[in-house]
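> Using this note's numbering, the letters of the sequence shown correspond one by one to residues 104 to 260.
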Amino acid sequence: MITKILMVCLGNICRSPLAEGILADKLPRDRFAVDSAGTGNYHVGKAPDARSIKIAKLNNIDIAGQIARQFKPEDFFRYDYIYAMDQSNLDDILELAPNEEMKSKARLILDELFPGEKVDVPDPYYGHDNGFTLVYQMLDEACTNIANRLLDENQRS
Numbered sequence: 104m105i106t107k108i109l110m111v112c113l114g115n116i117c118r119s120p121l122a123e124g125i126l127a128d129k130l131p132r133d134r135f136a137v138d139s140a141g142t143g144n145y146h147v148g149k150a151p152d153a154r155s156i157k158i159a160k161l162n163n164i165d166i167a168g169q170i171a172r173q174f175k176p177e178d179f180f181r182y183d184y185i186y187a188m189d190q191s192n193l194d195d196i197l198e199l200a201p202n203e204e205m206k207s208k209a210r211l212i213l214d215e216l217f218p219g220e221k222v223d224v225p226d227p228y229y230g231h232d233n234g235f236t237l238v239y240q241m242l243d244e245a246c247t248n249i250a251n252r253l254l255d256e257n258q259r260s
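1) When you compare each of Ile164, Tyr184, Asp152 to Glu204 by their alpha carbons, which one comes out closest?
2) From the DSSP secondary-structure annotation, give me the bridge partner or partners of Arg210.
3) Between Met110 and Arg259, what straight-line distance do the alpha-carbon atoms span, to the nearest angstrom?
4) Measure the Cβ-Cβ separation of Pro176 and Leu199 and say whether it is below 7 Å.
5) To which residues of the same chain is Ile170 closer than 8 Å at the C-beta, ignoring the five residues directly before and after it?
6) With a 10 Å radius around its C-beta and 16 neighbouring C-beta atoms as the bar for buried, classify Ala159 as buried or exposed.
7) Does Phe217 pass the burial test, meaning 16 or more other C-beta atoms within 10 Å, or should it be called exposed?
8) Could you spell out where the beta strand (DSSP E) holding Gly234 opens and where it closes?
9) Measuring straight from C-alpha to C-alpha, what distance separates Arg252 and Gln240?
10) Express the C-alpha separation of Leu242 and Ile125 in angstroms, rounding to a whole number.
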């Protein structure tokens with residue numbers, strides 16, 4: 104059985120495509136599938152921001168082929184884990200959840216580093232390239248923790 108993970112930010116062109124690429128790079132593709140979406144519809148059908156593509160490429164990850172899409176309530180049924188990049192996006196996701204069981208699938212990605220502290224991944228969209236570097240580093244560390252936990256759980260089952 105394939106474990107499916109969804110990364111979610113606002114527009115699905117900066118943070119969540121990076122998180123998708125980073126986590127996918129850390130997990131075996133025959134056992135895990137990673138995708139991303141945005142809570143907003145601003146960039147549906149577009150490629151990730153050039154700055155996200157650039158920082159990913161600098162770290163030997165290719166996200167250029169990703170296409171932005173909007174989060175849908177059906178995603179609760181398609182994915183085992185849903186990681187939001189910030190509290191606002193988590194709140195938007197949870198509003199679409201059909202029940203408490205589905206709500207339990209969604210969490211903040213930086214809870215992997217700072218449990219219960221409600222730390223947001225900053226949105227680098229309106230900033231400079233160095234914001235993308237910081238976001239990459241945060242997501243890389245969080246995704247390492249996620250990958251290690253998922254691999255451990257996958258081995259036990």
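Ideal placement from N, C-alpha and C gives every residue a C-beta, glycine not left out.
In short:
1) Tyr184
2) Tyr186
3) 24 Å
4) yes
5) Gly148, Lys149, Ala150
6) buried
7) exposed
8) Element bounds for Gly234: not the beta strand (DSSP E) but the alpha helix (DSSP H), 232-259.
9) 19 Å
10) 7 Å
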